[in-house]
Each structure stands twice: as C-alpha cells, then as structure tokens.
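Q: Please find one structure pasted underneath; my questions will follow.
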DNA sequence: TATGAATGAGGGTTCATTCAT
DNA sequence: GATGAATGAACCCTCATTCAT
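Residue numbers (my numbering), protein chains in the order written: chain A, 1 to 211; chain B, 1 to 211; chain C, 1 to 211; chain D, 1 to 211.
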C-alpha cells in the first residue's frame, strides 16, 4: 500500500486513521500498531512524522477542535437576527454532535483522560454564546431570571444526552424508525421545548398579578 | 497491611480500590498493579478473587448499577404525587450525578468502551420514567406535544452536561463561589426552567379555543 | 533451566550474568536480553527483581565496590608495620586489578559513562592511603618532597597501565611466557622500582653537603 | 546551516562532531542522530559520506591515532640527547593525555570495545621507546635491573592514572587550585620521582668499584 | 551533494496471567 | 487465603540503514 513517498499525504493518512482508532478505544486503549496497520505503514513511520503517541493525540485533538470551531462559529456569523442565530447554532451543534461520532467520542475520551484541550475549546464556544444569551435577556428575548450559562446548559445538555443514549433508547423503548428519523423527530420536538425555556413570562406574571 | 485472613473483606477492599482506579483511568488505562497497590495486597490476590481484570470490571459495573438503581428508585417510590415524584427523582438524580464522581466517570468510560451494562440500567430507569411522564401528559400535567422520552432528555440531559462542564465553566467564565454553591444555584435555576418545559400551554390553548 | 522458584538464587544468577555482560560491553552496549539469555530466564524476570536496567547496573557496581573494599582494606589491616602494609596493599591491589578483569573493565566503563559510584569508592581508598603515606613521610620512610597523592599515583598508576596494555605488549614486543608469568615478573621489577620512588634521599644529600 | 555544497568540508565537520559524541558516550551509546544534529545535517548524509556507523568510528580512531603519533613522535625526533628526548617525550605525553580529553576518552572506549586500532598505535610508540630505554641502560643512564617495558610502564602509567582520577582527587582530598595548577604541580613532582626511578644505583656501583 | 520518507529490528518496560509455595 | 516467582505478549520508542527524489 502507501508506497508513495509523500510525507504530507502520509501524515494525513496517519491522522485520519488515528482519529478513528482513538475515537474507538481512547488514548490508553489504542496502540500505534493499530494505527499503523490501519493505514498500511510501518510502526516507526508514525513516530517519524509525529514523534510521540502523546503528540499524535494532541494533533488529533487540535484538528478536531479546529473543525468544531469552524463548523459552529461560521454558522453563527452568517445569521441575521439573534433568534435566527440561536436557531442556526443549535441546528449546527445538533448536527455536529449527532453525526460526527468521532468528534463526539474523542471529546468524551479526552474529558475523562483529563486532556483538557478540547474541553476548553468547547467551553470557549459556550462562553461566547453566553454573551449572546445575556444580550437576549436584556432585549427581553430570553428569560432573565436565570444565568445565561444555565440557559445554555438547558440548551446543549439535551443534545449531548440524546446522542449518547439514543441507540439504547431505540432498543429499550422499541422506538420505530431509523436513527436518522429519530434524530429528526427529536430535533423538531426539542426546538419546540427549548423555545418555552427561553420564553419571557411577562404575560403570565402580569395576568397573575392582575388576578 | 491487610493481614486479616478474611476473604470477604479483602474482596470488598479490592472492589473499592478498583472503583477508584477505574473511575480515574478507565479500563485500558488501569492496571491490576495500581489496584493491588491501592489496597495493599499482592498482585496475584486480585485474580484469586476475581479471576480476570475484565471480570473485576464487570463486578465493579454491576455494583455501581445496583447502587444507582437503589438510590434513584427508592426515591421515586416514597413520593406521594406525580409532581412530587418528578421533583424528588430529579433532585436525587442531580445529587447522584453531581456528587458521585466515581459513578459518573465510570458510566462514561463504560459507554465509550462499549460496556453496555451500566448504560442499559440507566436507560431502563429512564424508560420506566417515560411511563410516568406519559401518564402526566394524559393527566394534563405535562406538555403533550412531544414524546415522553424527549421530555426526559430535556430533563436529565442538562444535569449530565452541567456535571461535565461545570469546572471548566467556573474557570472560563470566572464564576464566583465554590463548586457546591454553583451546584446549588444551578439546581434552583434548573428547576425553574424545567417547570416551563413541562408546563401545559393552557393560555395558548385558551386563545386557540377563543379563535 | 532455572525453573527453581527461588527468588534469591535467581537474583544472584542475574547479578552474576549482568556483571559479565556489562563488563564485556558496558551499560549502553548491553541489553537485558543478553543477560536474561545468559542465565536462562525470561526477559521480564530481570525487571521483576531489579526493576530497571539502570538499577541493575547500580547494584552491580555496588556489589563490585563492596568486593574491592573488602579485598584491599582487609589486607591492609592485617599488616604489622607500615612498610609491610604498603607492600601487602600493593600486592593485593595488583592482584585485584590484574586478575579481576570484570572489576577492572566495569570500573573503566563506569568512569567513561560518568557513573561515579565506583570511582568514588576507589578514590576513597586512595585517599585513606594518603594518610598512611603522609605518616611515612613524617617518619622519614617516604620521600617528603612530594605530595602523598603523587606518590600514590606513582604507585598505583603503573599497575593500572600494565593491566591495560600487557596483552598488547606481549604481542608487539613478542615477550615470552604466559600472561601469568609476565605478571609475576612485572610485579617483582615493579616492587624494586617503587622502593626507589619512596626512598628518602638522605645519603645523597649528605654526600652533596659534604662536597 | 551548512548549506555549502562542499563534500569535503561536510565530511570533516561530521568527523569533528563524531569525535566529540563518541568521546562522550562511546560507540554503543552514540547515535548517528546525535552526530548529524551536532553538525546540522540530515541523518542520511553521514552514511552517504561514511557508509557505516562502524566505518565512521574507524575513521575517527584512525584520525586520532594519526594525531597522537605526530604529536609524540615529532617531539622525540627534535631532541638532541637521550635524556632530553625522554624529558621531551614525557612532557609531550603528559600534555597530550592531560589535555586532549577527546583522545583520552576515545582511547579508553576503544580499548573496552575491543577496537584495538588505537591501542596498537599506542603500544607501537611505547615499543619504539623501549629501544631508547634499552640503549640508556647500556649507556649506564637507566637502571639496568628491570625490563625497559617495566620502566616505561612506571613512566607512563602514572600519567594515565592521574588524568583519570585527578578530578575525583581534587574533590575527595579537597585539593586547592584549578585543575591546570594541579596538573602543573603534579608534573613537577612526577619528574622528580621519575628521575629516581631511572637513576642508576651508584652506591652499588661504588661498592662494585671498591671490590 | 543532500534530504527526508520509509523500514525493520531490537530495546526497555508494563502487564495480565499462571503457578508453586 | 495469600505471596511472589516466572512467563510471554504487547507497547512505545530508538536507531541504523535504504532509497526515491
């Protein structure tokens, strides 16, 4: 295989294989042999390009973080209104977490392995979203009674939870439809509920007061 | 140390140590040596009691699952009303995920390692809660427009998310207070929001009816 | 081979084999495989007993140093007069350096590899001998014009030099006799010369003065 | 660096770097990477010029031997009298072993590694000096009772010994002065003592004459 | 001449597991 | 029940060497 003496392409092939293997078995559970075998090269060549197993892992995390940032942030910046932006970002986030199982899993592994790089990037995004939510609260477009970070936790938490348990749910609850269909259906319902979370309760309180 | 020729107590000591080590580093990242060292016995003795590293892990998972089930279910069965039960279960769940970092982490590891035992138990609980939520919907006490499982995802998802990211949030957003205080504050706000999620939109229906 | 489950004897067998291999090829040039093969055990067992290649080397050095100290010091303490002691120590030192090629070589390796343990022990001996030589100078039994350490260097240096080059000398100069015979002959001549080195030059100076 | 497409200068740069690295860590302990890094070229280029690690080492040894021969022999040939020559050669030898730590160390490494090239060259020099000493004995200028090779061993041995242990001596015996000063002081004292070694025992001859 | 991609062997070390005691 | 001697496989990594460019 891979006899092409092209360092750059080899390096990328290694990175791709590494992502898959690390996603499947985590850092400790993966061996360089698994990766090298997966891309048809010798054991030592990985270290020729990446020096360390640890270093390779770092580069994998970095690459994934870059992808995440690009996906989620680009989405947000093209939106015109705040509401639109939230909706866009939510759909993008959902899509990302829902579909990119490699990112999804490696993010979890890295968290457990105390490899905080990815975690920090993710938190940064959430943090920058809190500013938006805070603004929405001041504009009367989001429930002002709670911290923005709580609102965001209510928003993104279910997405993570769903991607983690959906397969098990499908099995245990004998849900009909493919995972894609279930995903779609969940997303629609989720968007309904999340609206209620953000909704400012002025009428109700007014009415209550008036009662 | 641990000269007490008491097989049963040794076995339990191993289990306790194993939980801690596995929680910290996962299955692949843990070695029997770490565990045996932690409880002051020889390497071989673990295998005398548990036969396998894998087997030991299974027993750890089983033991944790048992604890989880007991904690969450007992809580539910002592409640008198549905609303009370939901509230009790939520608080118990939050407490459990929030505080029992060993369970918390091992549950994650096991998920990633495709060790589905714990996952199944957890899903079973959620599944059995869907029945309750379904009943609430029929009683007009929960938003009937979405699947019960979606409602539960909205409920438990944020709790998981919070326990995973709270440390990072504290750091990045420079939140004041100890983690315990932040936990408490999050829980209060969360309960406010989750109420809105469940709330039946009677006003809307009234308005609709009036049309 | 070596199926005897006797840790202590195994440990010693490893030490013996290690001495030989390290003497032959130095630390960097030796592999644990060479040693384990030499005493018919598995690779890992060495590390079970000695934890580290480095650690094993340390223990080898320590053991050799102990032997050296015992040999040379015991000799000295049984002597009755200073002259006797010097003669005894010299013969013992010569014998040691001449015959114990393992010590001889490992001492050199360790010096080059900046493993100073042995060097320090050897220096300590020389240092303690300087006291004796100093006393001899004060008693008029050793040339008082030079430092004791210079005298000792003149004494031991040739012994080291001889053991290092004797084989080559035998070949190049086509010396007759076995190495043992050459050794013996060298020792006798050496003892004649070394006496001259120590000799106090009183007559000469007297004669000179009388002139 | 070192972009000069000048094969010859590159080759020499490699040789210089190799000497340093080999002197520091011996053959087994040195890697081509260390050397190539030291002179800022690629790994493969060394082998382009020297074909082998072993071969490179050979060339290093050869080059060092050449230098040694030139230094010591040139010295001898410019002297006018035998006594002068011995003194000159001694001072040159002392200077060489004392200062050229690279030669010094590599000579030791090579000895231990059974790489006899250097050893042979050194022995050749000593051998050719035995002729001079033998002549001196016949001329009544050197103690005739011992073999010339023994006399030479008494002469050069202390120099080697001193260069090997001087640092340790300085430390252990807490000698004052820099190493250069200690060297100088040792040399002066050594020359005094070595004279006594060579000295023909005239008293004896007086007695003989009186017979 | 010079680079660096690629290999494969070997090295030190960890580790689960077996087994005699 | 408990220890620790012993094994063998696997792992990460180094390194000399080859070879295409």
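Cβ coordinates follow ideal geometry from the N, Cα and C atoms, glycine included. Note that the coordinates shown come from a computational prediction; the quantities given were computed from them, not determined experimentally.
1. Closer than 7 Å by C-beta to residue 53/B: which residues in its own chain qualify, once you throw out the five before and the five after it? Chain order, please.
2. Can you round the beta-carbon distance between residue 111/B and residue 25/A to whole angstroms, since I take them to be within the 8 Å contact cut?
3. Is residue 91/B buried or exposed, if buried means 16 or more other CB atoms sit within 10 Å of its CB?
4. Can you tell me the Cα-Cα spacing of residue 19/C and residue 46/C, whole angstroms?
5. Taking beta-carbon pairs under 7 Å, can you tell me which members of the stretch 173 to 188 of chain A lie near chain B?
6. Could you compute how far the alpha carbon of residue 16/C sits from the alpha carbon of residue 40/C?
7. Is it the case that the Cβ atoms of residue 96/D and residue 187/D are separated by a distance below 7 Å?
8. Quick test of the definition: if touching needs 3 or more C-beta pairs under 8 Å, does the stretch 143 to 162 of chain C touch the stretch 189 to 202 of chain D?
9. Is residue 182/D near the ligand SAM, going by C-beta to nearest heavy atom under 6 Å?
10. Less than 7 Å between CB atoms is the rule here; does residue 168/A satisfy it with respect to chain B?
11. Considering only the beta carbon of each residue, do residue 118/A and residue 61/A sit closer than 7 Å?
12. At a CB distance below 8 Å, what residues from the stretch 121 to 140 of chain C approach chain D? Give them in sequence order.
13. Apply the 10 Å Cβ neighbour rule to residue 179/A and answer buried if 16 or more other Cβ atoms are within range, or exposed otherwise.
14. Please report whether the beta-carbon of residue 193/A lies at a distance below 7 Å from any beta-carbon of chain B.
15. So what's residue 243/B in DSSP terms, helix, strand or just coil?
16. For the stretch 69 to 103 of chain D, list every residue whose C-beta sits within 7 Å of some C-beta in chain C, in sequence order.
17. Which value, in whole angstroms, describes the spacing of the CA atoms of residue 201/A and residue 143/A?
18. Tell me the rounded alpha-carbon separation between residue 134/B and residue 100/B.
19. Just mark residue 137/A as buried or exposed, buried being the case when its beta carbon has 16 or more other beta carbons within 10 Å.
20. Enumerate in chain order the residues of its own chain whose CB-to-CB distance from residue 7/C is below 8 Å, with the five nearest sequence positions on each side excluded.
21. Whose C-beta lies closer than 7 Å to the C-beta of residue 158/A among residues of the same chain, with five residues either side of it excluded?
22. Counting along the chain, where does the alpha helix (DSSP H) carrying residue 54/D start and finish?
23. Does any C-beta atom of chain C lie closer than 7 Å to the C-beta of residue 33/D?
24. With respect to the alpha helix (DSSP H) encompassing residue 117/D, which residues constitute its N-terminal and C-terminal limits?
25. What are the boundary residues of the alpha helix (DSSP H) that includes residue 45/A?
26. Rounded to a whole number of angstroms, what is the C-alpha to C-alpha distance between residue 64/B and residue 38/B?
27. Within 7 Å (strictly less), CB to CB, does residue 158/D reach chain C?
28. Give the secondary structure of residue 36/A by DSSP, where H, G and I count as helix, E and B as strand, and everything else as coil.
29. First and last residue of the alpha helix (DSSP H) that includes residue 92/A?
30. With DSSP collapsed to three states, give me the class of residue 144/B.
31. Taking DSSP as the reference, what is the three-state secondary structure of residue 212/C?
32. Would you tell me roughly how many angstroms separate the C-alpha atoms of residue 184/C and residue 182/D, rounded to the nearest one?
33. How should residue 66/B be labelled, buried or exposed, when 16 other C-beta atoms within 10 angstroms of its C-beta is the threshold for buried?
A: On the basis of the data shown:
1. Locating residue 53/B in the second chain gives position 53, counting from the first residue. For residue 53/B, where only same-chain residues beyond five positions count, the Cβ hits under 7 Å are 32.
2. Within the second chain, the letter at position 111 stands for residue 111/B. Within the first chain, the letter at position 25 stands for residue 25/A. Rounded, the Cβ-Cβ distance is 13 Å, inconsistent with contact.
3. On the second chain, position 91 is the one that residue 91/B refers to. Taking a 10 Å sphere around the C-beta of residue 91/B, we find fewer than 16 other C-beta atoms and assign the residue as exposed.
4. For the purposes of this step, residue 19/C is identified with residue 19 of the third chain, where counting begins at 1. For the purposes of this step, residue 46/C is identified with residue 46 of the third chain, where counting begins at 1. C-alpha separation (whole angstroms): 13 Å.
5. From the stretch 173 to 188 of chain A, only 173 and 186 have a Cβ closer than 7 Å to chain B.
6. Working through the third chain from its first residue, we reach residue 16/C at position 16. Working through the third chain from its first residue, we reach residue 40/C at position 40. Using only the alpha carbons, I get a separation of about 12 Å.
7. Within the fourth chain, the letter at position 96 stands for residue 96/D. Within the fourth chain, the letter at position 187 stands for residue 187/D. Using a Cβ distance threshold of 7 Å, residue 96/D and residue 187/D do not count as a contacting pair.
8. Yes: at least three Cβ pairs fall under 8 Å.
9. Only the bare structure without any ligand can be found here, which leaves the ligand SAM out of the picture.
10. Residue 168/A sits at position 168 when you count from the first residue of the first chain. Answer yes: the Cβ-Cβ gap between residue 168/A and chain B drops below 7 Å somewhere.
11. Translated into positions along the first chain, residue 118/A becomes position 118. Translated into positions along the first chain, residue 61/A becomes position 61. Yes, the Cβ-Cβ distance between residue 118/A and residue 61/A is below 7 Å.
12. For chain D, the residues of the stretch 121 to 140 of chain C that bring a beta carbon within less than 8 Å of one of its beta carbons are 122, 123, 124, 126, 127 and 130, in chain order.
13. Within the first chain, residue 179/A is the residue found at index 179, counting from 1. Looking at its Cβ environment, which holds fewer than 16 other Cβ atoms inside 10 Å, residue 179/A is exposed.
14. Here residue 193/A corresponds to residue number 193 of the first chain, with the count starting at 1. By this cut-off, residue 193/A is an interface position.
15. Past the edges of chain B, shown from 1 to 211, lies residue 243/B, and the structure says nothing about it.
16. Only those residues of the stretch 69 to 103 of chain D whose C-beta falls short of 7 Å from the nearest C-beta of chain C would be listed, and there are none.
17. Here residue 201/A corresponds to residue number 201 of the first chain, with the count starting at 1. Here residue 143/A corresponds to residue number 143 of the first chain, with the count starting at 1. A straight line joining the alpha-carbon of residue 201/A with that of residue 143/A spans about 7 Å.
18. Counted from its first residue, the second chain places residue 134/B at position 134. Counted from its first residue, the second chain places residue 100/B at position 100. Going from the Cα of residue 134/B to the Cα of residue 100/B covers about 29 Å.
19. Position 137 of the first chain holds residue 137/A. Looking at its Cβ environment, which holds 16 or more other Cβ atoms inside 10 Å, residue 137/A is buried.
20. Sequence index remark: in the third chain, residue 7/C carries index 7 (1-based). Exclusion of the five residues before and after residue 7/C leaves 49 as the residues of its chain whose Cβ lies within less than 8 Å of its Cβ.
21. Residue mapping note: residue 158/A aligns to position 158 of the first chain, counting from 1. Leaving aside the five residues that flank residue 158/A on each side, the residues in its chain whose CB is nearer than 7 Å to its CB run, in chain order, 190.
22. Here residue 54/D refers to the residue found at position 54 of the fourth chain. Start and end: 53 to 78.
23. Against the fourth chain, residue 33/D aligns to sequence position 33. Among the CB atoms of chain C, none fall inside 7 Å of the CB of residue 33/D.
24. Within the fourth chain, numbered from 1, the residue matching residue 117/D stands at position 117. 116 to 138 is the extent of the alpha helix (DSSP H) around residue 117/D.
25. The residue you call residue 45/A lines up with position 45 of the first chain. Looking at the DSSP string, the run of the alpha helix (DSSP H) that includes residue 45/A is 43 to 50.
26. Walking along the second chain from the start, residue 64/B turns up at place 64. Walking along the second chain from the start, residue 38/B turns up at place 38. Near 19 Å, if we compare the C-alpha coordinates of residue 38/B and residue 64/B.
27. Position 158 of the fourth chain, counted from the first residue, corresponds to residue 158/D. It does: the Cβ of residue 158/D has a partner Cβ on chain C nearer than 7 Å.
28. On the first chain, residue 36/A is found 36 positions in, with the first residue counted as 1. Residue 36/A falls in the helix class under three-state DSSP.
29. Taking the first residue of the first chain as position 1, residue 92/A is located at position 92. Unbroken alpha helix (DSSP H) run through residue 92/A: 82 to 99.
30. Against the second chain, residue 144/B aligns to sequence position 144. Look at residue 144/B here: in three-state DSSP terms it is coil, with no helix or strand label.
31. Because residue 212/C is not part of the residues shown, which for chain C are 1 to 211, the question remains open.
32. Taking the first residue of the third chain as 1, we reach residue 184/C at position 184. Taking the first residue of the fourth chain as 1, we reach residue 182/D at position 182. Roughly 34 Å between the two C-alpha positions.
33. Within the second chain, residue 66/B is the residue found at index 66, counting from 1. Result: exposed.
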